[in-house]
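Sequences listed follow chains A and B, in order. Plus 4 on top of the position in the first sequence (first one is 1) and you've got the working numbering. Plus 1 on top of the position in the second sequence (first one is 1) and you've got the working numbering. Working notes for the structure below.
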Amino acid sequence: SQQGEEDPQALSIQEGENATMNCSYKTSINNLQWYRQNSGRGLVHLILIRSNEREKHSGRLRVTLDTSKKSSSLLITASRAADTASYFCATDAWGGGNKLTFGTGTQLKVEL
Amino acid sequence: DAGVIQSPRHEVTEMGQEVTLRCKPISGHDYLFWYRQTMMRGLELLIYFNNNVPIDDSGMPEDRFSAKMPNASFSTLKIQPSEPRDSAVYFCASTKGELWTGELFFGEGSRLTVL
Numbered sequence: 005s006q007q008g009e010e011d012p013q014a015l016s017i018q019e020g021e022n023a024t025m026n027c028s029y030k031t032s033i034n035n036l037q038w039y040r041q042n043s044g045r046g047l048v049h050l051i052l053i054r055s056n057e058r059e060k061h062s063g064r065l066r067v068t069l070d071t072s073k074k075s076s077s078l079l080i081t082a083s084r085a086a087d088t089a090s091y092f093c094a095t096d097a098w099g100g101g102n103k104l105t106f107g108t109g110t111q112l113k114v115e116l
Numbered sequence: 002d003a004g005v006i007q008s009p010r011h012e013v014t015e016m017g018q019e020v021t022l023r024c025k026p027i028s029g030h031d032y033l034f035w036y037r038q039t040m041m042r043g044l045e046l047l048i049y050f051n052n053n054v055p056i057d058d059s060g061m062p063e064d065r066f067s068a069k070m071p072n073a074s075f076s077t078l079k080i081q082p083s084e085p086r087d088s089a090v091y092f093c094a095s096t097k098g099e100l101w102t103g104e105l106f107f108g109e110g111s112r113l114t115v116l
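As structure tokens, then:
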């Protein structure tokens, strides 16, 4: 399986609800990043959390990192229809060279 | 800045033909990455460059694939000969400095269909 697997694979919620996506990874990391991809577009960076950080906020986004469990979660609060996209976690493995390995992604659909 | 620019956005070709995908990274970025995205395998790193030098090409699937970066503002990914299983979206991304401090900037991708 891949370094970085998101759970769930797909999530459908109503506008205004919170969306939580989880990511698990296998090796020690320098940092973990979350990206968003709208259909037919490139990936866009959302937030980066370093291995010595436990929580980070950016606007309606909240990311947590638990290095002991090798897992991270992305919370989007008060979701909007425009948040509909695929969300990927990506890890920069410690000693793995300067490269990001992406997870399998969560497809989020926010309905009006 | 215009962002990472990729061309063509869409390419349809027949098996056996040569395909060349192009990328212009963001000015000043010293790292360039080529990724491939498919439904089955997700996003796979093919190769990355630092200051125009290939650093890690372990993700290049086979000898049919080659990548070059002749200067800081241009890179190509070539497939020769192409096969139907090469059908995918190919992304180029760039960044300045080490990834433990910063993010990747992606282009819009080149969707390749090999018939």
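Where is the CB? At the ideal position from N, CA and C, for every residue including glycine.
Check whether the Cβ of residue i lies closer than 9 Å to any Cβ atom in chain A.
| i | result |
| --- | --- |
| Gly110 of chain B | yes |
| Leu105 of chain B | yes |
| Leu46 of chain B | yes |
| Ile56 of chain B | yes |
| Ala94 of chain B | yes |
| Gly43 of chain B | yes |
| Glu99 of chain B | yes |
| Val13 of chain B | no |
| Phe66 of chain B | no |
| Asn52 of chain B | no |
| Phe34 of chain B | yes |
| Val115 of chain B | no |
| Val20 of chain B | no |
Is there at least one Cβ from chain B nearer than 9 Å to residue i's Cβ?
| i | result |
| --- | --- |
| Gly101 of chain A | yes |
| Pro12 of chain A | no |
| Ala94 of chain A | yes |
| Thr110 of chain A | no |
| Leu116 of chain A | no |
| Leu78 of chain A | no |
| Thr105 of chain A | yes |
| Leu52 of chain A | yes |
| His49 of chain A | yes |
Provide the residue(s) that pair with residue i in DSSP beta bridges, ordered along the chain.
| i | result |
| --- | --- |
| Ala94 of chain A | A:Gln37 and A:Phe106 |
| Ala14 of chain A | A:Gln111 |
| Met121 of chain A | The structure shown does not extend to residue 121 of chain A, since chain A is modelled only from 5 through 116, so no value can be given for it. |
| Ser166 of chain A | Outside the shown range of chain A, which is 5 to 116, sits residue 166 of chain A, and nothing can be said about it. |
| Ala89 of chain A | A:Leu112 |
| Ile27 of chain B | Its beta-bridge partners do not exist; DSSP assigns none. |
| Thr77 of chain B | B:Arg23 and B:Lys69 |
| Thr96 of chain B | B:Tyr32 |
| Gly43 of chain B | B:Thr39 |
| Leu47 of chain A | A:Gln41 |
| Gln7 of chain B | B:Cys24 |
On a CA-only basis, which of the options is nearest residue i? Give me that one, please.
| i | options | result |
| --- | --- | --- |
| Arg65 of chain B | B:Glu12, B:Met16, B:Arg10 and B:His11 | B:Met16 |
| Gly44 of chain A | B:Lys79, B:Arg10 and B:Thr21 | B:Arg10 |
| Asp96 of chain A | B:Leu105, B:Ser67, B:Thr114 and B:Tyr91 | B:Leu105 |
| Leu22 of chain B | B:Leu78, B:Val54, B:Met41 and B:Phe92 | B:Leu78 |
| Leu15 of chain A | A:Asn35, A:Gln37, A:Ser83 and A:Gly99 | A:Ser83 |
| Phe92 of chain A | A:Asn56, A:Thr71, A:Thr110 and A:Lys30 | A:Thr110 |
| Ser59 of chain B | B:Lys69, B:Leu46, B:Lys25 and B:Asn51 | B:Leu46 |
| Asn52 of chain B | B:Val20, B:Arg42, B:Ile27 and B:Asp87 | B:Ile27 |
| Glu115 of chain A | A:Ala85, A:Gly99, A:Thr108 and A:Ala94 | A:Ala85 |
| Thr88 of chain A | A:Gln18, A:Leu52, A:Glu59 and A:Thr108 | A:Gln18 |
message = Under 7 Å, CB to CB, which of the residues in the region 25–47 of chain A have a partner in chain B?
response = Near chain B, meaning a CB-to-CB distance below 7 Å, the residues of the region 25–47 of chain A are Asn34, Asn35, Gln37, Arg45, Gly46 and Leu47.
message = Does the structure place the region 12–26 of chain A close enough to the region 77–84 of chain A that three or more beta carbon pairs sit under 8 Å?
response = They touch, by the three-pair rule.
inquiry  = Under 8 Å, with one C-beta from each stretch per pair, do the region 69–82 of chain B and the region 96–112 of chain A reach the 3-pair mark?
reply    = Judged by Cβ distances under 8 Å, the region 69–82 of chain B makes no contact with the region 96–112 of chain A, as fewer than three pairs qualify.
task = Assess, as a yes-or-no matter, whether the region 33–40 of chain B is touched by the region 54–69 of chain A under the definition of 3 or more beta carbon pairs within less than 8 Å.
result = With the cut-off at 8 Å, the region 54–69 of chain A and the region 33–40 of chain B do not touch.
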